[in-house]
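Peer 1:
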Amino acid sequence: MKLKFAALLSFLLVAIAVPSRGDSFFKVPETLQYQLVWNGIHAGDSSLTITDTGNSEYKIVSEAHSAKFISLFYTVDDRAVSIVRKGSLTPLEYRIKVHEGHTRKNKEYLFPQNQMLKTTYIDYEDKDKETFDTPPGILDPLSSFYYLRTIPLEIGKPVYVKIFDSKKVYDVKVRVIRKERVNTWVGSFNTILVNPILKSEGIFAKKGKIYIWLTDDDKRVPVMLETGTKIGAIKAILKQGTF
189 MKLKFAALLS FLLVAIAVPS RGDSFFKVPE TLQYQLVWNG IHAGDSSLTI TDTGNSEYKI
249 VSEAHSAKFI SLFYTVDDRA VSIVRKGSLT PLEYRIKVHE GHTRKNKEYL FPQNQMLKTT
309 YIDYEDKDKE TFDTPPGILD PLSSFYYLRT IPLEIGKPVY VKIFDSKKVY DVKVRVIRKE
369 RVNTWVGSFN TILVNPILKS EGIFAKKGKI YIWLTDDDKR VPVMLETGTK IGAIKAILKQ
429 GTF
């Protein structure tokens with residue numbers, strides 16, 4: 189049930205040989221709030237926010253919390269934060285804390301500040317700290333989701349993106365499936381449906397498929413998401429936002 193959005197779109201990544209439209213296409217600050225639905229039941233709430241720190245950086249925050257009823261047998265309390273450069277959206281720092289059932293994670297990634305291209309990985313739960321070589325333009329699971337929104341999307345033509353997560357660099361394929369009209373708590377939208385093929389932990393669990401409905405306009409607002417979890421499919425449906 190983790191909407192670590194990350195990722196998705198978690199997710200997801202720096203496009204390989206695909207031009208970015210720039211970060212000016214989505215509004216900053218932007219706040220998106222979602223209701224999580226499982227088998228028709230209100231399973232919890234999640235949010236995505238991006239704000240301007242005033243230091244040539246953006247701060248992106250993703251949170252997900254299970255409803256009281258769901259927490260009786262499966263608690264979700266997730267928070268991910270990414271500090272990124274304006275323009276490129278490449279990360280400076282990524283921090284994620286996860287509480288899902290019996291699972292606990294507390295990790296931090298410190299990305300290259302210069303031409304050394306070294307990323308530091310810290311796992312506070314396992315008391316593990318390592319440094320890895322990473323390519324230019326690498327993204328984290330959360331910043332990659334916002335980068336995805338800046339890429340031109342064409343039905344039937346996949347986009348390939350690159351992230352660092354859990355000690356590895358992943359090339360992630362994002363399928364651009366079709367255009368579709370969807371209903372949310374704040375109205376109906378014309379959307380483009382995409383499907384990231386995740387191999388990392390991302391912002392969703394890597395079990396099952398992930399689908400994201402982005403508005404079919406320059407803003408590419410994620411108005412609905414769906415992912416598989418240990419307890420079945422979870423939908424995140426937009427219920428409120430400023431965008």
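Straight run, no breaks: the sequence shown in this note's numbering ends on number 431. Note that beta-carbon positions come from the ideal geometry of N, C-alpha and C, so glycine has one too. From a predicted model like this one, the values you see are computed outputs, not experimental measurements.
#1: Run through DSSP, which three-state label would PHE213 get?
#2: Count the other CB atoms within 10 Å of the CB of GLY375; is the residue buried (16 or more) or exposed (fewer)?
#3: Cutting at 7 angstroms between CB atoms, please list the residues of its own chain near GLY420, excluding the five before and the five after it.
#4: Span of the alpha helix (DSSP H) holding ILE258?
#5: Note down the Cα distance separating ALA195 from ILE258, rounded to an integer number of angstroms.
#6: Return the CA-CA distance between PHE431 and ARG408, expressed in angstroms with no decimal places.
#7: Any idea if ARG366 is buried or exposed, counting beta-carbon neighbours within 10 angstroms, 16 or more meaning buried?
#8: Going by C-alpha to C-alpha distance, which of VAL264, THR239, SER234, ASP240 sits closest to SER250?
#9: Taking the CB atoms as reference points, tell me whether LEU327 and TYR335 lie closer together than 7 angstroms.
#10: Determine the DSSP secondary structure at SER332, reduced to helix, strand or coil.
#11: Please classify HIS290 as buried or exposed, where buried requires at least 16 neighbouring CB atoms within 10 angstroms.
#12: If you measure between the beta carbons of THR403 and THR372, is that distance less than 7 angstroms?
#13: Mind checking whether SER270 and SER331 have CB atoms under 7 angstroms apart?
#14: Hey, which unbroken runs of the beta strand (DSSP E) at 3 residues or more fall wholly within the stretch 247 to 321?
#15: Cα-Cα, which of SER244, HIS230, THR239, TYR246 is closest to ALA252?
#16: Assign TYR376 to one of three DSSP states: helix, strand, or coil.
#17: For ASP321, which option in TRP401, ILE400, LEU426, ILE351 has the closest C-alpha, if you only look at C-alpha atoms?
#18: Excluding the 5 residues flanking THR345 on each side, which residues of the same chain have their C-beta closer than 7 angstroms to its C-beta?
#19: What residue from GLU368, LYS247, PRO323 has the CA that sits closest to VAL357's CA?
#20: Candidates PHE377, PHE333, TRP401, ILE425: which alpha carbon is nearest GLY238's?
#21: Could you tell me the distance, in whole angstroms, from the CA atom of GLN301 to the CA atom of PHE261?
#22: Which one of LEU220, LYS256, SER276, LEU236 has the shortest CA to CA distance from SER244?
#23: Taking CB distances under 7 angstroms as the criterion, tell me whether LYS397 reaches chain C.
#24: Let's see if you can read the secondary structure: which residues bound the beta strand (DSSP E) around VAL225?
Peer 2: To lay it out plainly:
#1: Locating residue 213 in the sequence shown gives position 25, counting from the first residue. Look at PHE213 here: in three-state DSSP terms it is helix.
#2: As a working note, residue 375 is residue 187 in the sequence shown. Answer is exposed; the Cβ neighbour count stays below 16.
#3: Walking along the sequence shown from the start, residue 420 turns up at place 232. Hits under 7 angstroms: TRP226, ASN227.
#4: What you label residue 258 is simply residue 70 of the sequence shown in a count that begins at 1. Start and end: 256 to 259.
#5: Numbered from its first residue, the sequence shown carries residue 195 at position 7. Numbered from its first residue, the sequence shown carries residue 258 at position 70. Low confidence applies here, because ALA195 scores a pLDDT of 33, under 50, leaving its location unreliable; read the following figure in that light. Their Cα atoms are separated by approximately 23 angstroms.
#6: Mapped onto the sequence shown, residue 431 falls at position 243. Mapped onto the sequence shown, residue 408 falls at position 220. Answer to the nearest angstrom: the Cα atoms are 10 angstroms apart.
#7: One-based indexing of the sequence shown puts residue 366 at position 178. If you draw a 10 Å sphere on the C-beta of ARG366, you find fewer than 16 other C-beta atoms in it, and that means exposed.
#8: Numbered from 1 along the sequence shown, position 62 holds the residue referred to as residue 250. It is SER234.
#9: Against the sequence shown, residue 327 aligns to sequence position 139. Against the sequence shown, residue 335 aligns to sequence position 147. Going by C-beta atoms, LEU327 is nearer than 7 angstroms to TYR335.
#10: In the sequence shown, the residue the question calls residue 332 occupies position 144. Looking at SER332 - three-state DSSP - the assignment turns out to be helix.
#11: Taking the first residue of the sequence shown as position 1, residue 290 is located at position 102. Taking all protein chains in view, the Cβ of HIS290 is surrounded by fewer than 16 other Cβ atoms within 10 Å, so the residue is classified as exposed.
#12: Counted from its first residue, the sequence shown places residue 403 at position 215. Counted from its first residue, the sequence shown places residue 372 at position 184. In this structure, THR372 does not lie closer than 7 angstroms to THR403 by Cβ.
#13: In the sequence shown, residue 270 corresponds to position 82, counting from 1. In the sequence shown, residue 331 corresponds to position 143, counting from 1. The answer is yes: Cβ separation under 7 angstroms.
#14: Entirely contained in the stretch 247 to 321, the beta strand (DSSP E) runs reaching 3 residues are, in chain order, 265 to 273, 279 to 288, 291 to 298, 306 to 311, 316 to 321.
#15: What you label residue 252 is simply residue 64 of the sequence shown in a count that begins at 1. Residue HIS230 holds the alpha-carbon nearest to the alpha-carbon of ALA252 among SER244, HIS230, THR239, TYR246.
#16: For this step, residue 376 is matched to residue 188 along the sequence shown. It should be pointed out that residue 376 corresponds to Ser in this sequence rather than to Tyr. Note: SER376 maps to strand in three-state DSSP.
#17: By 1-based counting over the sequence shown, the position of residue 321 is 133. Looking at the Cα atoms, ILE351 is the closest of the given residues.
#18: As a position in the sequence shown, residue 345 is number 157, starting the count at 1. Looking at the sequence provided, one finds Lys at residue 345 rather than Thr. Result list for LYS345: VAL364, in chain order.
#19: Counted from its first residue, the sequence shown places residue 357 at position 169. Closest option to VAL357, Cα to Cα, is PRO323.
#20: Taking the sequence shown and counting its residues from 1, the one referred to as residue 238 is at position 50. Here residue 238 turns out to be Ile, not Gly, going by the sequence shown. Nearest option by C-alpha distance: PHE333.
#21: Mapped onto the sequence shown, residue 301 falls at position 113. Mapped onto the sequence shown, residue 261 falls at position 73. Between the C-alpha atoms of GLN301 and PHE261 there is a straight-line separation of about 42 angstroms.
#22: As a working note, residue 244 is residue 56 in the sequence shown. Answer by Cα proximity: SER276.
#23: As a matter of chain content, chain C is missing from the structure shown, which is built from one protein chain.
#24: Looking up residue 225 in the sequence shown gives position 37. In the DSSP annotation of this structure, the continuous segment of the beta strand (DSSP E) that includes VAL225 starts and ends at 218 to 226.
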